[in-house]
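Residue numbers (the UniProt record's numbering): 1 to 90.
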Amino acid sequence: MTPFEWLIAGSIAVMTVALASGLIQILVTSDFLTRAVLSDLIFYAMICIYLTWTIGRASSISYEVALLAAIAGGVLPTLSMARIISKGRR
1 MTPFEWLIAG SIAVMTVALA SGLIQILVTS DFLTRAVLSD LIFYAMICIY LTWTIGRASS
61 ISYEVALLAA IAGGVLPTLS MARIISKGRR
């Protein structure tokens with residue numbers, strides 16, 4: 001493995017630890033607002049892990065998938081979290 005691949009593996013490991021700690025926090029907490037925020041953390045961590053993983057892989061569609069997930073993940077979860085925070089009021 002090259003030093004760059006070690007760097008990628010290390011960053012994926014750090015993001016995996018952050019994702020796992022968010023999952024544990026979701027299981028422990030009973031506050032719905034905290035769960036909504038942590039669900040965004042988990043989704044963005046998965047996107048970051050995928051995008052970091054694709055840096056070392058040669059594929060023509062991998063970046064498009066990550067950008068589509070980021071766009072869909074940027075708008076839709078924010079709107080749903082706003083609905084959760086406001087308890088369904090408009």
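Even glycine gets a Cβ: it sits at the ideal position worked out from N, Cα and C.
I need the straight-line Cα distance from residue i to residue j, nearest angstrom please.
i, j, result
"Leu27", "Ile61", "34 Å"
"Ala69", "Leu23", "20 Å"
"Thr54", "Phe4", "13 Å"
"Ser59", "Ala9", "18 Å"
"Thr2", "Phe32", "44 Å"
"Val17", "Tyr50", "15 Å"
"Thr63", "Gly74", "Reading the sequence as shown, one finds Tyr at residue 63 and not Thr. Computed Cα separation, rounded: 16 Å."
"Thr78", "Leu41", "12 Å"
Which two residues bound the contiguous alpha helix (DSSP H) that contains residue i?
i, result
"Ser80", "62-85"
"Arg35", "32-55"
"Ser11", "3-28"
So, is residue i buried or exposed, given that buried needs 16 or more other C-beta atoms within 10 angstroms?
i, result
"Leu38", "buried"
"Tyr44", "buried"
"Met15", "buried"
Using 8 Å for Cβ pairs, my map puts residue i next to residue j. What's the rounded Cβ distance?
i, j, result
"Ile47", "Ala66", "6 Å"
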